[in-house]
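The sequence shown lines up with residues -1 to 60 when you count with our numbering. Below: the structure, in structure tokens.
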Amino acid sequence: MTSYQFKCKDIGMDCDFQASAKTKEELMPKIGTHAKNAHKIETIDEALQTKVNNAIKKRMFF
Ligand SMILES: [Zn+2]
């Protein structure tokens, strides 16, 4: 099983939020919602998108 994990700290935020999902496609909306609610970021622009993408870690479970 594969899991994608994102930690807000990994993009330099002073924030304990973390999210995980089975696919990146599932994970992105969770990050988007959090960015909006917690950081008042309405739209994730290309630079932030790249940062987020780099911060997402793929994990394998056996
Ligand atoms: Zn955060």
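The C-beta atom is built at its ideal place from N, Cα and C for all residues, glycine as well.
Residue environment, residue i, which counts as buried when at least 16 other CB atoms sit within 10 Å
i: Cys6; result: buried
i: Phe59; result: exposed
6 Å Cβ shell around residue i - same chain, five flanking residues per side excluded
i: His32; result: Phe15
i: Ser1; result: Ser18, Arg57
Closest Cα partner of residue i within the set the options
i: Asp43; options: Lys20, Ile29, Phe59; result: Ile29
i: His37; options: Ser1, Met11, Tyr2, Thr0; result: Met11
i: Lys49; options: Asp8, Glu23, Thr41; result: Asp8
i: Thr21; options: Gln3, Lys34, Cys13, Ala45; result: Gln3
i: Leu46; options: Asn35, Lys55, Met26; result: Met26
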